[in-house]
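Heads up: the structure comes next, in structure tokens.
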Amino acid sequence: MIGAYLPGNSTVELKEVAVPEPGHGEVLLRMKASTICGSDIRCIYHEHLGKGPEGYQGVVAGHEPCGQIVRTGSGCRRFGAGDRVIVYHISGCGVCNDCRRGYVISCTSERYRRAYGWQRDGGMAGYLLAEEKDLIHLPGELSYADGAQVACGFGTVYEGLQKIGISGNDAVLITGLGPVGLAAGALCRKLGASLIIGIDVVEDRMKLARDLGLCDEVLRSGPDNVAEVRKLTGGNGVERAVDCSANEGARATAIRATRKWGRIVFLGEGGRVEFNPSPDIIHDQKTIYGSWVTSTWLMEELVERLVRWNLHPAGLVTHRFALEKVADAYSLMASGKCGKVAVCFDEELTLA
Ligand SMILES: [Zn+2]
Ligand SMILES: [Zn+2]
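Residue numbers (this note's numbering): 1089 to 1440.
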């Protein structure tokens, strides 16, 4: 099979590799959809930035895989050949406190914690070897591209929104309208948010947020954003804010445009922010949350909700590429002039 590797100089290397054989507790997936994440671009594609959990070990790229089981190794207890599955993108030790909570992302075992596409082979290949314990059932109502989006982006957003709580009481500000910000808009909508305001600088993304009906108001990022958000919310600011930008100014806007007693969650990774604790959070009784990926059980809950809501995350996929064209897929994602970018296989390639 062909596998895609990221040497760290904004190129993609395709190599011929052997199809792996599943061992005990493992399954072999035929890949169907594998989406590209902002973190792939930030930490691997341009240069190998990450350390520890974000350290890329020269494996097949792609940590948002979704596919169909073609073979199981011995000892599998739940899944079998033919099952459609999403891969929770970190394989943990399974026995540390974080793994037992389902927050495998935070697994503390240096020896056993390995993320797909970072420290073990990921989804940018014809087949993927996965551990059965990392799999989430993909219901028939959802496509593989829907599932790939759950694997990282939608799961991460759903977790963050659970932390701050979203309901029909809330006006929500989303800073950064890349795939994660757009997912936040889609989920806030289904959770009942009455007013959704988005902020970005990239024209294509602002247009996408409007065209897909994911934001009621879209503002161009700038120094007047706090005043603009207050104006749209009766002078008070929003009840909830979600930062998906990792941008210093946008993070400060998210904090300052949130009203008294409001809650803010930071999802965007890297960078910094400066704010003044007393006027910006303490005196206004605000809470800032950090949120990293999600748990296996909350990912299962999200999949169930997506079916109930008839919400299809693949609606944010603007471009599909065959594996042979994976280099074009990464360079498009790096340009930011797109929604979500997916590498697809078989029947999933021709779906729109
Ligand atoms: Zn991701
Ligand atoms: Zn663990």
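Every residue gets a Cβ at the ideal spot worked out from N, C-alpha and C, and that includes glycine. Just so it is clear, the structure is predicted and the values come from calculations on it, not from any experiment.
Hey, which unbroken runs of the beta strand (DSSP E) at 3 residues or more fall wholly within the segment 1267-1298? 1283-1288
Continuous beta strand (DSSP E) stretch holding residue 1123: start and end: Taking the sequence shown and counting its residues from 1, one reaches residue 1123 at position 35. Its beta strand (DSSP E) spans residues 1114-1123.
Check whether the segment 1252-1259 and the segment 1228-1241 are in contact - that is, three or more C-beta pairs closer than 8 Å. no
Would you call residue 1377 buried or exposed, if buried means 16 or more other Cβ atoms sit within 10 Å of its Cβ? Taking the sequence shown and counting its residues from 1, the one referred to as residue 1377 is at position 289. Exposed: under 16 other Cβ atoms inside 10 Å.
Is it buried or exposed, residue 1339, if we count other Cβ atoms within 10 angstroms and call 16 or more buried? Stepping through the sequence shown from its first residue, residue 1339 is reached at position 251. Classification for residue 1339: buried.
Can you grab the Cα-Cα spacing for the pair residue 1453 / residue 1166, in whole Å? Lying before the first or after the last residue shown, residue 1453 is absent from the chain, which here runs from 1089 to 1440.
Buried/exposed call for residue 1107, threshold 16 Cβ in 10 Å: Translated into the one-based positions of the sequence shown, residue 1107 becomes position 19. By the neighbour-count rule (16 or more Cβ atoms within 10 Å), residue 1107 is not buried but exposed.
Measuring from each Cβ to the nearest heavy atom of ligand 2, keep the ones under 7 Å and list them in chain order. 1180, 1181, 1182, 1183, 1184, 1186, 1187, 1192, 1195, 1196, 1197, 1200 and 1201
Residue 1397 - DSSP class collapsed to helix/strand/coil: Numbered from 1 along the sequence shown, position 309 holds the residue referred to as residue 1397. It is helical.
Any heavy atom of ligand 1 within a distance shorter than 7 Å of the CB on residue 1136? Against the sequence shown, residue 1136 aligns to sequence position 48. For ligand 1, not one heavy atom lies less than 7 Å from the Cβ of residue 1136.
As a quick exercise: from 1400, 1348, 1342 and 1349, pick the residue whose alpha carbon is nearest that of residue 1356. Looking up residue 1356 in the sequence shown gives position 268. Closest option to residue 1356, Cα to Cα, is 1342.
If distances are taken between C-alpha atoms only, which option among 1388, 1364 and 1434 comes closest to residue 1409? In the sequence shown, the residue the question calls residue 1409 occupies position 321. The option with the nearest alpha carbon to residue 1409 is 1434.
Is residue 1179 buried or exposed, if buried means 16 or more other CB atoms sit within 10 Å of its CB? As a first step, residue 1179 is located in the sequence shown; it is residue number 91 there, counting from the start. Residue 1179 comes out buried.
Reduced DSSP secondary structure (H/G/I, E/B, other) of residue 1154: Taking the sequence shown and counting its residues from 1, the one referred to as residue 1154 is at position 66. Of the three classes helix, strand and coil, the one that applies to residue 1154 here is strand, per DSSP.
Near residue 1390, what residues of its chain come up, given a Cβ to Cβ distance below 8 Å and the 5 sequence neighbours on each side ignored? Translated into positions along the sequence shown, residue 1390 becomes position 302. So the list reads 1238, 1242, 1243, 1246 and 1382, once near-sequence residues are dropped.
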